[in-house]
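Accompanying notes for the structure given below.
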Amino acid sequence: MKFLCLTLCLSLCACTEKQDYFYGEVAATEVDVGVKIPGRIKDIQVSEGQAVSKDFVMGFLESPEVAAKMMSAKAGKGAARDQLKLARTTYERVEKLYEEGAVTRQQRDEARFKYEASRAQLSASEGVVGEVTAAADETQIKSPIEGEVLQIVSNVGELISPGYPVITVVNLKDQWVVFNVREDRLKDFKKDQTVKVKIPALDKEYSMKITYISALGAFAKWKSTNEQGRFDLKTFELRARPSESIEGLRPGMTALVSL
28 MKFLCLTLCL
38 SLCACTEKQD
48 YFYGEVAATE
58 VDVGVKIPGR
68 IKDIQVSEGQ
78 AVSKDFVMGF
88 LESPEVAAKM
98 MSAKAGKGAA
108 RDQLKLARTT
118 YERVEKLYEE
128 GAVTRQQRDE
138 ARFKYEASRA
148 QLSASEGVVG
158 EVTAAADETQ
168 IKSPIEGEVL
178 QIVSNVGELI
188 SPGYPVITVV
198 NLKDQWVVFN
208 VREDRLKDFK
218 KDQTVKVKIP
228 ALDKEYSMKI
238 TYISALGAFA
248 KWKSTNEQGR
258 FDLKTFELRA
268 RPSESIEGLR
278 PGMTALVSL
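Be aware that the sequence shown starts at 28, since it is given in my numbering, and climbs by one per residue.
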């Protein structure tokens with residue numbers, strides 16, 4: 028909101044003074060990285076400003092609940108494996124006795140049924156282990172994109188709920204310039220139009236294409252006077268993107284937009 032108000036004021040001042048440029052600011056895609064399971068932050072392995080690749084492990088979550096489920100699942104799988112081993116040995120023994128005529132067909136079928144049931148139980152227990160393993164993988168806090176650590180929101184030791192952000196990563200390959208235009212000057216701008224954008228911090232001018240035009244809320248209106256025939260003027264937000272990445276461009280840099 029602070030950025031919006033500052034940009035709005037600067038942009039509209041430029042417009043009022045009939046200048047040929049509009050003040051804007053560089054923005055970029057930001058991703059809040061959260062967790063899918065509740066737990067306590069065990070470790071943060073990155074620092075603000077550090078470059079990270081996609082799927083880079085930035086930290087770890089400690090979840091006693093997941094650890095307990097993993098122990099239970101592995102114990103269940105071990106018991107199911109032992110039960111299957113016993114059922115298979117029993118079935119093979121009964122099958123041999125059946126062939127010799129020492130047991131009835133029903134006894135052979137019962138032994139086979141227990142063997143098949145034990146196989147199904149082992150398969151089910153393996154599925155449970157797989158599910159818990161997937162949950163355990165969620166204790167790793169990974170970056171979903173290639174970018175740079177913008178902010179560490181939560182600290183080691185904090186208890187985190189699913190969806191709550193832990194780290195914010197900014198995508199420096201997806202940046203644009205956002206600026207505001209009063210509606211009486213909007214006729215000079217169209218979507219897909221190319222504009223000139225000077226970045227004072229880089230001391231260079233670039234060509235960018237307008238990709239977004241949208242009216243801002245009522246708070247961004249210019250109020251009219253009491254003179255008859257005057258009316259409130261809305262303010263529109265525009266975004267312009269470069270055709271390719273600009274080396275050295277950073278979110279927050281000032282941009283001067285002109286036709």
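Using N, Cα and C, we set each Cβ at its ideal position, and we do this for glycine too.
Closest by C-alpha distance to L177, when choosing among I68, Q77 and D47:
Residue mapping note: residue 177 aligns to position 150 of the sequence shown, counting from 1. Answer by Cα proximity: Q77.
Quick one: what's L265 bridged to in DSSP?
Here residue 265 refers to the residue found at position 238 of the sequence shown. For L265, which the question treats as bridged, DSSP gives the partners F206 and I240.
What residues are listed by DSSP as bridge partners for G51?
Here residue 51 is taken as the residue at index 24 of the sequence shown, counted from 1. Answer is F206 and A282, bridged to G51.
Determine the closest residue to A107 out of I68, D211, A144 and E89, with distance taken between C-alpha atoms.
Here residue 107 corresponds to residue number 80 of the sequence shown, with the count starting at 1. The candidate whose alpha carbon is nearest that of A107 is A144.
Buried or exposed for T238, going by 16 or more other Cβ atoms inside 10 Å?
Sequence index remark: in the sequence shown, residue 238 carries index 211 (1-based). Label assigned to T238: exposed.
Return yes when the Cβ of T281 is within less than 7 angstroms of the Cβ of R209, no when it is not.
What you label residue 209 is simply residue 182 of the sequence shown in a count that begins at 1. What you label residue 281 is simply residue 254 of the sequence shown in a count that begins at 1. No; because the gap between Cβ atoms is not below 7 angstroms, this pair is not in contact.
So is N207 buried or exposed if we call it buried at 16+ other beta carbons inside 10 Å?
Here residue 207 is taken as the residue at index 180 of the sequence shown, counted from 1. Counting Cβ neighbours within 10 Å, N207 comes out buried, since at least 16 surround it.
Cutting at 7 angstroms between CB atoms, please list the residues of its own chain near V121, excluding the five before and the five after it.
Working through the sequence shown from its first residue, we reach residue 121 at position 94. Closer than 7 angstroms at the Cβ level, and outside the excluded window around V121, lie V130, Q134, R135 and A138.
Out of V58, Y48, T166 and D47, point me to the one whose CA is closest to E173's CA.
The residue given as residue 173 occupies position 146 in the sequence shown. The shortest C-alpha separation from E173 is found at V58.
Taking the alpha helix (DSSP H) that K112 falls in, what are its first and last residues?
As a working note, residue 112 is residue 85 in the sequence shown. Segment P91 to E126, the alpha helix (DSSP H) holding K112.
Output needed for K104: all residues of its chain with C-beta closer than 8 angstroms, excluding positions within five of it in sequence on either side, in chain order.
Locating residue 104 in the sequence shown gives position 77, where the first residue counts as 1. Same-chain partners within the cutoff: L149, S152, E153, V155 and V156.
Leaving aside the five residues before and after D201 along the sequence, list all residues of the same chain whose C-beta is less than 8 angstroms from its C-beta, in chain order.
Start at 1 with the first residue of the sequence shown, and residue 201 comes out as number 174. Closer than 8 angstroms at Cβ, skipping near neighbours: A55 and T56.
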